[in-house]
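The listed protein sequences derive, respectively, from chains A and B. Residue 562 in the UniProt record's numbering sits at position 562 of the first sequence, with consecutive numbering throughout. Residue 82 in the UniProt record's numbering sits at position 82 of the second sequence, with consecutive numbering throughout.
There are 2 protein chains.
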Amino acid sequence: MADINSKLEIGVTTGPIRGSKKIHVGKNRVAMREISLEASSGELPVRVYDTSGPYTDPDAVIDIQAGLPQLRRPWQLARGDVEEYDGRAVKPEDNGQLGPDRSGGVPAFPNVVRRPLRARAGMNLSQMHYARRGIITPEMEYVATRENLGREMARDLVRDGQDWGAAIPDYVTPEFVRDEVARGRAIIPSNVNHPECEPMAIGRNFLVKINANIGNSAVASDVAQEVEKMVWSIRWGADTVMDLSTGRNIHDTREWIIRNSPVPIGTVPIYQALEKVGGVAEDLTWEIFRDTLIEQAEQGVDYFTIHAGVRLPYIPMTARRVTGIVSRGGSIMAKWCLSHHKESFLYEHFDEITEICKAYDIAYSLGDGLRPGSIADANDEAQFSELYTLGELTKRAWAQDVQVMIEGPGHVPMHKIKENMDKQLAACGEAPFYTLGPLVTDIAPGYDHITSGIGAAMIGWYGTAMLCYVTPKEHLGLPDRDDVKVGVVTYKLAAHAADLAKGHPAAKVRDDALSRARFEFRWRDQFNLSLDPDTAEQYHDQTLPAEGAKTAHFCSMCGPKFCSMKITQEVRDFAAKQNQPSDAFIAAEEAEKGMEEMAGKYRQGGDLYMPADPAE
Amino acid sequence: MADINSKLEIGVTTGPIRGSKKIHVGKNRVAMREISLEASSGELPVRVYDTSGPYTDPDAVIDIQAGLPQLRRPWQLARGDVEEYDGRAVKPEDNGQLGPDRSGGVPAFPNVVRRPLRARAGMNLSQMHYARRGIITPEMEYVATRENLGREMARDLVRDGQDWGAAIPDYVTPEFVRDEVARGRAIIPSNVNHPECEPMAIGRNFLVKINANIGNSAVASDVAQEVEKMVWSIRWGADTVMDLSTGRNIHDTREWIIRNSPVPIGTVPIYQALEKVGGVAEDLTWEIFRDTLIEQAEQGVDYFTIHAGVRLPYIPMTARRVTGIVSRGGSIMAKWCLSHHKESFLYEHFDEITEICKAYDIAYSLGDGLRPGSIADANDEAQFSELYTLGELTKRAWAQDVQVMIEGPGHVPMHKIKENMDKQLAACGEAPFYTLGPLVTDIAPGYDHITSGIGAAMIGWYGTAMLCYVTPKEHLGLPDRDDVKVGVVTYKLAAHAADLAKGHPAAKVRDDALSRARFEFRWRDQFNLSLDPDTAEQYHDQTLPAEGAKTAHFCSMCGPKFCSMKITQEVRDFAAKQNQPSDAFIAAEEAEKGMEEMAGKYRQGGDLYMPADPAE
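Pasting the structure below:
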C-alpha cells in the first residue's frame, strides 16, 4: 500500500493513436482525430470523432498531479450565474475511513479545488435551462461542431437508413442542439465543477455514444490503475466513464479521475452512501445520501444514477423472478424499503435531489434498479412498472429544467428488445435511453461483450442514445486493461453499426474509405482507419510479418497467385480496355442481357423457373 | 516438410468438455452432452446439442490413421440402391503436383477406400428423394431425436418468440423431418461416401446451425493442423466444416479431414479445379471441373458450393462497386466468363452437376459469388440478380430431388438485413439460407467475429438456417486455433440467441438453468452450463483464484460485504418470513399499491405525471 504522504505516481497511456493526428476545429477548438491516407490513393484525410482528450495530443503537456486544463471555466464565469463558496470538508467516511486514521488510503489529489462553484440563489445552471430560454451556450456550439464531423465529406452521399422515427438532420446547427436539449431529447452532461470536460451530447438524433465503467471494488483495484483505465478507455472511444468504485478511498479515487477526465463522469451515489453506513443498507438515511450528493456535486460528477423508480410496491413483483434484483443500486433500495416497509427515500425526496442537480448542472441517469438479470425476467411487470415511474420522474425533473436520461436493461432476447425502446420513448417523453447491452442470451459468460454487443447494436439502431459497455469479464471478475479495451471497441463498433443503420449522414464515410483501402490493398490505410489499428496490424503480422507484405497486392487468405480482389480489378480493367467507360459497358451488357432474357422467355413459354433450354 | 513416406502424427484434442459427459439416446444412439448440476440445487441434468463426435467420449478409441466408425454404412447398404465401383485414380494434379514427384506433399491417408459407393443406374440417393417418396430414413430419425433435445424439459415453458413465419413444432417427429426435407425447407447433407457423419439438419424450423471454415492456403498451414482445427471446431460447436484448402495437397488433406469428421464437410470445388490449371482461371474447363466433382464426391464431400449464379450479364454490374467481387469463387467465374465472353460453364452444365449430386447425395450450397464485400455494396443489383438466378437453379435441382441451400452475404448494414432474408425466402422457395455473417460495419478489422456476429444473430432470428463463422482474423490473416475457437463460440451464441428469439421451445432451458446457477452462486454449474466452461472459469480465477471463491456466496464485482444477488435472496426470505407464500404477499402488496394509486389520482385530479403531493 502506498504511503499516504508520498507522491502518487500514475502512469497513463499517451501519444497519438497509430496513423492519426489530433486536430482542433473551429473557434472552440473542438478536438478531432484525422487519418491521412496514402498519397497514391488521392483520397482526402478522414476525420473521426475523438474522445481521447489531450492524452493523444503530442503538443499537450500531461500532468496527472495538476489535472487537465479547464476548457469550460471561462464560459461558465461569463454567464454570471455562479458563485464560489467554501466547499464541504472531506470527512474520513468519504474514503471509507471511519476514524481519523487515513492509513491504507491513497494520497489526496494535490490540486483539489477548495472553493467549488454552484448556482447563485435562484439560478439554474443546467444546459436545459439555458436551452429553454433560447440561449445557445458554447457547450452547444462545441457539440454542433463535434457532431458535424464528416458531414462535409458526406455531402454527396445519399441518405440511406431506417431511423425508426428519429429526426437526424443533414447538418447539426447550434440551434438544433439547443432545441434538442430544450425538448429533453438530448443532454449535455456538464457539472460546473468539471470544467475540464469537452462537451458532448447524448440523444437519439446525435451519434450513438458509449460508456465505460471503471472503479475500485472491495476485492481489488487501486487508484493509479483506475486513472489509467479511464485514460485507456477514452483512448479507444468511451464517450463517458462511470466511476463505480466501492470499498475504501472512493472520494480520493474519484477526485483523481475527474480532474484528469475530458469526458463526463457518472456515478451511482448510493454506492458511496452505503459505504458510509458500513454496508448496512437499512442504515441509509436521506441525510447521508443528500450529503453524498453534495460531496460528489462539488467534485464535479456530471451525471448521477438515481434508482428512484424502485418503489415499495414493485419489490414483491421480483420475488418470482429467476434472478430477482440484479442491479446493485436497486437491491440496496429494495432492502431499505423492505426493512422499513416505507416508500423509497429517493422517490420521496426526488424534487430535492433535482434542486441539487440544477445548482451544479448534474444530469439524471434514472437507474433501472429492477432491470432483468436473465432472459427469463425480460420485459416483466417489475421492469415496466419501474419504467413508468421513471417517466413520471422525468417530467418532474423537466419541470425544474434538469437534464434526464433513462437507464435500460440488461438481459433481453432479441424479439423483446424493440418493446423496451418503444415503451421507453412513450413513457419518458423521448428522454435519451441509456442501456446496458442488452445481453441476448445468458449462456456465454466470458463472451458477454458479444452477447451484449448484439443487443446494443440493435437497441442503438432502434433509438438508444448511449450504450453502456460490457466486458468479457462480466459476471465473472473485474476487467483488466485488455478487457476494458475489448469492451470499448466492441461497443464502439455496435454504436457505429447503429449509426449506419439509422442512416446517419456521415457514418458511412469511414466504412467506405476503409473498404476502398481494403480493395486497393492499402494495408496501412486499412489498419489506420479501423477502430483498433494496433490489433489489426498485429493480426496481419501474425500471418505475414514482413514489411513488404503491407504493400503487397495480395493477402494471406489466397496468397499471391490468386486473389479475388485482384481479379475484380482485372474485371474493371477489362471493362476499361473495351475503350468504353464502365457505364457504357454496362449499358451494352444490359442490352445483351435484355435480349437474351427475351429470347429465353420465348423458348420457355413464360415459365421463369425452367431451364432456358430444356433439351440441354 | 514431413517425409512423404513417414507416418503422419496427428494430435487432436480429446476428452470430455469440462463438466459434462457424453450420452447416447434412443435406438440410433444419438450423441448428446449432459451437464449434471450440483446435487444441492435439486435440478435435473441439462442436455445440450453435441457436435463433437467421439472425440469427447472417454469410451471411444480414437485412431486418426483409421478414421471414425462408419455409423451410416448399414443404413446405406440396407436401402439396396447403391453400388461399389472402382474409384477414379488419384492424379498428381489433385494434390497440386503437376509431375509424378510427390515431394513436398503429405502422407496419404492410410485407410483410403478404393471402391466408393454411388447410386445404381437410375437410382437417386438424396434424402430429398427418399422424403418425397414418403420414406423416413434412419438419418431423419436421428435428426428428430437430436433436435428434440431439451424439449422434454421445456414442456411446461410457455412458447415465447417471434418466428417471422417459420413453423417450429413443439415436438420434432421423424415425419416432420421427412416433410421438411421433401419440401426443400431443410437438408440433411450426407454423401454416401461419408458414412462417418452423424446426421444433422439445416433448415429454418430446426435449431440454427453454424459452420466453421478451415483449410490450407498457398501461404501457410499443414494437414495435421487442419485435422486438429476440424476436431477443435466441432468440440466447441461447429455443425458443419468447410475445407477451403488452396495450394498443394488439397486431395490428401481433405481425405484426412473427411475420414475423421463426424460432421458434414463442405467444399468449393472450383478452388481445387483452379489449382489443377495452375491458378489461371481462363484455363478452367467443364471437363476439369466435372472430374474434380467426381474426385470429391468419391471422397465423401457432403455439400458443394457452386457459384452457378455468376452469370455473364451480371458481372459488369459490379464494376461500379466499392469492393467489386470479393467472393473467391465468384471472381474465378467472373474472370472465366469475361475472358471467354461466354456464359458460365457452371450455369450451362448445372443439370449435369445435379446428376452427380444425386448419385452420391451431395447437397448444393449455391454460392453467392456476387455477395457484397462492403457496406456500400449491400443489396445491390448484382447481388439480387444473382439471388434470383439461384432461385431458378434451386427449382432445377429440386426437379431432380437434389437438396439445396443458398449462400448469402457478406457485408450488410442492420437495416438491410431483413430484405436479404425476405428476398431469399421468396426467390428460393424457402430453401435453407446459409449466410456469412453478415458484417454490420466495415470499420473493425480484428473484431469481425463481432461485427458479423451481430448480423448473424439477426439474420438467424429472421430465418437463416446456418451461419458461417467469421474469426477475428477475417480480412487480416489465417485463423489459428484460438481464432477458430473464438469464431465458433461467437457464432454458437449468435445461433442460440436466434433460437431464443424465434421461440424455439427448448432453447431457454439452458439460459434459465445457467441464470439460476448464477443467482444461487453455483459457480461450477455456471461455468459448466456456459458455451466455453474453460474460459469462464479462467476469467473467474483471474480475479478470485482461490478454490473457496468458487463456492462463495459473492462475486468479485461487489465483494463479500454487499451483493445485489444476496440481497434479492433476502427479499425472498423476507417475503417468506411474513408467513405467506410470495403470491399472497404480492397480492397484499398489489392491493396496497392499488389503494395508494387511487388515493394519488384523487389528489392529483387525474394528472398522472404530477407528484402525488404537489406541496411536497
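Note that the Cβ used here is the ideal one computed from N, Cα and C, for glycine as well. Being a predicted model, the structure only gives us computed values, none of them experimental.
So who's on the other strand from residue i, going by DSSP bridges?
i, result
"K22(B)", "R33(B)"
"R118(B)", "E83(B)"
"G408(B)", "T435(B)"
"M242(A)", "N213(A), G266(A)"
"L366(B)", "I306(B), I406(B)"
"M466(A)", "K209(A), Y434(A)"
"R47(A)", "E34(A)"
"I187(A)", "I202(A)"
Write down the C-beta distance between residue i and residue j rounded to the nearest angstrom, noting that I regard them as a contact closer than 8 angstroms.
i, j, result
"V106(B)", "D252(B)", "5 angstroms"
"G161(B)", "A506(B)", "The Cβ separation is near 12 angstroms, so there is no contact."
"N216(B)", "E228(B)", "No, N216(B) and E228(B) are not in contact; Cβ-Cβ is about 13 angstroms, not under 8 angstroms."
"R510(B)", "V48(B)", "6 angstroms"
"M230(B)", "I210(B)", "Rounded, the Cβ-Cβ distance is 14 angstroms, inconsistent with contact."
"I338(A)", "I356(A)", "Position check: residue 338(A) holds Leu in this sequence, whereas Ile was assumed. The Cβ separation is near 27 angstroms, so there is no contact."
Can you list the residues of chain B that residue i reaches, using a CB-CB cut of under 9 angstroms?
i, result
"V571(A)", "I315, P316, T318, A319, G324, I325, S331, A334, K335, L338"
"S374(A)", "D511, D512, L514, S515, R516, R518, F519"
"V489(A)", "A444, G446, Y447, I450"
"L284(A)", "Neighbours of L284(A) on chain B: none; closest Cβ ~12 angstroms, over 9 angstroms."
"T389(A)", "Those within 9 angstroms of T389(A) in chain B number zero; the least Cβ separation is about 11 angstroms."
Can you name the residues of chain B whose CB is closer than 7 angstroms to the CB of residue i?
i, result
"Q542(A)", "G477"
"L529(A)", "I443"
"G453(A)", "I450, I454"
"T535(A)", "G446"
For residue i, is the classification buried or exposed, using 16 other Cβ atoms within 10 angstroms of its Cβ as the cut-off for buried?
i, result
"A584(B)", "Per-residue confidence for A584(B) stands at a pLDDT of 44, beneath the threshold of 50, marking its modelled position as unreliable; the derived number appears in the next sentence. Result: exposed."
"G391(B)", "buried"
"S41(A)", "exposed"
"Y462(B)", "buried"
"S20(B)", "buried"
"G11(B)", "exposed"
"I567(A)", "buried"
"I135(A)", "exposed"
"A308(B)", "buried"
"A591(B)", "Residue placement at A591(B) is flagged as unreliable, the pLDDT there being 47, under the threshold of 50; the coordinate-derived value follows with that caveat. When all chains shown are included, A591(B) counts as exposed."
"L387(A)", "buried"
"G96(A)", "buried"
"A182(B)", "buried"
"V46(B)", "buried"
At a CB-CB cut-off below 8 angstroms, which residues of chain B make contact with residue i?
i, result
"residue 697(A)", "No statement about residue 697(A) is possible, as the shown extent of chain A runs from 1 to 616 and does not include it."
"M414(A)", "A457, M458, W461, A497, A498, L500, A501"
"I288(A)", "Near I288(A) there are no residues of chain B at all, since even the closest Cβ is about 16 angstroms away, more than 8 angstroms."
Interface residues of chain A around residue i at Cβ under 8 angstroms?
i, result
"L370(B)", "Residues of chain A passing the Cβ test: none, with the nearest at roughly 11 angstroms."
"I250(B)", "Those within 8 angstroms of I250(B) in chain A number zero; the least Cβ separation is about 13 angstroms."
Counting only Cβ pairs nearer than 7 angstroms, list the residues of chain A close to residue i.
i, result
"D170(B)", "None at all; the shortest Cβ gap to chain A is about 18 angstroms."
Item to check | Proximal residues, the region 303 to 316 of chain B versus chain A, C-beta separation under 7 angstroms | outcome: P313, I315, P316
Item to check | Proximal residues, the region 459 to 477 of chain B versus chain A, C-beta separation under 8 angstroms | outcome: W461, P472, K473, H475, L476, G477
Checklist entry - What residues in the region 511 to 522 of chain A bring their beta carbon closer than 8 angstroms to a beta carbon of chain B? => result D511, D512, L514, S515, R516, R518, F519
Item to check | Proximal residues, the region 132 to 163 of chain B versus chain A, C-beta separation under 9 angstroms | outcome: D160, G161, Q162, D163
Next on the checklist: If the cut-off is 9 angstroms on Cβ atoms, which residues from the region 116 to 129 of chain B count as contacting chain A, listed in chain order?
Outcome noted: none
Item to check | Cβ-based contacts, 7 angstroms cut-off: residues of the region 421 to 438 of chain A near chain B | outcome: none
Item to check | Residues in the region 62 to 88 of chain B having any Cβ partner in chain A nearer than 8 angstroms | outcome: none
Next on the checklist: Output needed in chain order: residues of the region 400 to 412 of chain A with a Cβ under 7 angstroms from some Cβ in chain B.
Outcome noted: none
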